[in-house]
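Just below is one structure, and these are the notes that go with it.
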Amino acid sequence: MHTDLWNYALTLYTRPGVEAACLELQALGGDVCLLLCATWLQARGVAVLGERAQALQELAEPWQRDVVAPLRSLRQQWRATASGDTQLAALREQVKGLELQAEKALLERLQERSQQWPVGSHEPADDWLARLAPDQALHHDALVQLRVAAAALQDAEGA
């Protein structure tokens with residue numbers, strides 16, 4: 242199993258259906274970085290505690306709001322115009338790169354925040370995704386898809 246969150250997230254994101262599920266969850270108000278972190282913590286057997294979930298949310302929310310969201314908004318705003326303007330298209334790709342770097346930085350921060358939490362507690366009641374997903378996503382097919390893909394990755398890596 243990947244020990245670092247960034248490489249775990251990259252591997253999970255490339256699995257069939259995960260990108261689409263993450264985009265659907267994002268449209269429902271979910272923080273994709275937080276949800277990928279949730280699956281990583283689940284795979285590592287980190288016990289779900291309310292204060293841990295709150296700490297991750299308090300770390301992620303301002304970074305998403307102040308850093309990632311403005312970059313994403315700008316990139317999306319330029320989509321139509323950039324299709325006919327090569328210079329703007331190049332700038333848009335740079336913004337996309339910055340957005341990815343910002344998401345990587347958030348994943349690194351989430352990992353750092355959770356690094357000292359004990360691993361190996363596979364309590365059946367522990368469910369990081371249920372704790373960190375927005376309420377409107379709790380019974381959505383996209384959350385099920387992400388959960389299934391994360392479990393399949395864990396099985397494939399023999400965790």
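In this note's numbering, the protein residues as written are 242 to 400. Built from N, CA and C at the ideal position, the CB exists for glycine as well. Keep in mind the model is a prediction, meaning the values are calculated, not measured.
A straight line joining the alpha-carbon of Leu-379 with that of Asp-326 spans about 41 Å.
By the CB criterion at 8 Å, Gln-283 and Leu-394 fall outside the cutoff. In summary, Ala-343 is buried, with 16 or more beta-carbon neighbours lying within 10 Å of its beta-carbon over all protein chains present. The Cβ atoms of Gln-356 and Ala-262 do not sit closer than 8 Å to each other.
Under the three-state reduction of DSSP output, Asp-307 falls in the helix class. Nearest neighbour of Arg-316 by Cα position, chosen from Arg-372, Pro-375, Leu-332, turns out to be Leu-332.
CA-to-CA, the gap between Gly-399 and Cys-278 works out to about 19 Å.
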